[in-house]
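Residue numbers (the numbering used here): 630 to 939.
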Amino acid sequence: MSTPIVYDCDPGNDDALAILAAVGHPGLDLLAVTTVAGHLVAEHTARNAAIALAAAGSAVPVSSGSALPLVRDQVLAGILDLEQGLDRVREDLPAVALDPRHAVDLIIDTVRARPGAVLVTTGPLTNVATALRKHPAVADDLARIITLSGAWGLGGKTAAAEFNVWCDPEAAAIVYAAPVPVTVLPTEASGGVPVDEDLVARVAQLPGPAAALAVELMRSLRGTHRSNVLGPTPVPLNDPCAVLYAADPGLGELVRVRADVELAGRHTYGRTVIDLGGRSPEPPNVEVVLRLDAAAVQDALVDSLRRLAP
C-alpha cells in the first residue's frame with residue numbers, strides 16, 4: 630500500500646531529484662508539490678518543480694508559495710552553478726503548468742481531501758507553518774510531517790544554523806511544536822548518503838528524460854559541493870532522502886527527543902537544539918533520524934528513476 634504525500638520544497642537540484650524519486654517510487658502516492666523561496670526566489674523554485682514533474686511525466690498539481698519568511702529578512706542560497714542543473718533559469722526545458730492556488734491553500738485543500746497524508750518538507754518551513762496557522766485543523770488530518778531540517782552539531786549555513794531552519798527560524802519553531810507527529814531528518818543523517826560517481830554512473834545507464842535530468846542534477850551537486858576546514862566531505866544526497874524515507878521508514882534509525890529552535894541568540898539564531906542527551910526538562914516533541922542506510926537509499930533512488938524510464 631502506497632503512502633500519500635504532499636511534498637513542499639525549494640528546488641534546487643536535490644529537491645528536483647526528490648520530485649523525480651517521489652513520482653517514480655512505487656511506495657508513494659504523490660498528491661501535490663508545493664514550493665517556497667529558499668534556495669532561489671519563489672518564482673524560480675516553482676518553475677524548477679514544474680520542470681521536474683514534466684521530466685517525470687507527472688500531472689500532479691504544483692503551486693508556488695511563500696516568497697518571504699514569517700519574520701526575518703529574506704535569505705537565499707542563490708545561483709551556484711551556471712553550467713548545468715536548475716540554479717539558472719532553464720527556458721530550454723519543458724515544464725507543466727502551475728496550479729493557480731497559493732501553495733498554502735494547495736496544502737490545506739489536499740490534506741483535507743486526503744486525511745492521513747504525510748507532509749514531506751525539504752525547504753524552509755514557511756508554507757507549512759502558515760498552513761498550520763491559517764487552518765489549525767489541518768494538523769488533525771496529517772498522519773505525520775517529515776522535515777529535512779536542522780542539525781544537532783555544526784549548523785551548515787552558519788556556525789549554528791542549518792540552511793532550511795536559518796531561512797525561517799520562526800516557521801521551523803511552529804512546525805516543531807505542531808500537534809502532529811514530526812520526524813526531523815537532520816544534516817547528519819542526510820549527509821551520510823553520498824552522491825558518488827558510482828551512483829551517477831548507475832543512473833546514467835537509464836533511458837529517458839527523467840534519468841537524463843537526474844544525472845545533470847547530480848553532476849551539478851557534485852560540482853558545487855565545498856568541504857569545510859575539517860577536511861574533505863562526501864557530496865550529500867540530502868533532499869531525496871526525506872522522500873525515500875517517507876516511502877520506507879525502515880531506511881533510518883530513530884530516536885524520540887526534545888528539539889527546539891533558537892530564536893533569540895545573537896550568534897545562534899536558527900540553531901536547532903536537539904537534546905540527544907535527554908537533559909531537557911521539556912518532554913520529547915519530535916523523532917529524529919540518527920542515520921540512514923546509505924546503500925539502501927541509493928538503491929531506492931535508482932529503482933525509482935528506473936520506473937520512470939519510457
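Every residue gets a Cβ at the ideal spot worked out from N, C-alpha and C, and that includes glycine. The model shown is predicted, which means the values in this text are computed figures rather than measured ones.
My understanding is that residue i touches residue j, with C-beta atoms under 8 angstroms, so please give their C-beta distance in whole angstroms.
i           : j           : result
residue 746 : residue 739 : 7 angstroms
residue 683 : residue 725 : 5 angstroms
residue 818 : residue 705 : 24 angstroms between Cβ atoms; not a contact.
residue 694 : residue 668 : Residue 694 to residue 668, Cβ: 13 angstroms. No contact.
residue 657 : residue 875 : 7 angstroms
residue 835 : residue 935 : 6 angstroms
residue 885 : residue 891 : Not confirmed; about 21 angstroms, so no contact.
residue 829 : residue 870 : Their Cβ separation, rounded to whole angstroms, is 17 angstroms, which puts residue 829 and residue 870 out of contact at 8 angstroms.
Can residue i and residue j be called in contact, C-beta distance under 9 angstroms?
i           : j           : result
residue 779 : residue 757 : no
residue 729 : residue 692 : yes
residue 727 : residue 748 : no
residue 674 : residue 752 : yes
residue 666 : residue 639 : yes
residue 810 : residue 773 : yes
residue 866 : residue 917 : no
residue 832 : residue 709 : no
residue 915 : residue 888 : yes
residue 839 : residue 652 : yes
residue 845 : residue 927 : no
CA-CA distance, residue i and residue j?
i           : j           : result
residue 776 : residue 843 : 22 angstroms
residue 764 : residue 789 : 32 angstroms
residue 868 : residue 910 : 32 angstroms
residue 824 : residue 853 : 12 angstroms
residue 816 : residue 784 : 8 angstroms
residue 841 : residue 850 : 14 angstroms
residue 805 : residue 902 : 11 angstroms
residue 702 : residue 762 : 20 angstroms
residue 881 : residue 723 : 35 angstroms
Sort out for me which residues DSSP pairs residue i with in a bridge.
i           : result
residue 900 : The partner list for residue 900 (beta bridge, DSSP) is empty, contrary to what the question assumes.
residue 917 : 813 and 884
residue 658 : 633
residue 746 : 771
residue 865 : 823
residue 638 : 664
residue 797 : Answer is none; residue 797 lacks a bridge partner.
Checklist entry - How about the region 639-652 and the region 669-688: do they share at least three Cβ pairs that are nearer than 8 angstroms? => result yes
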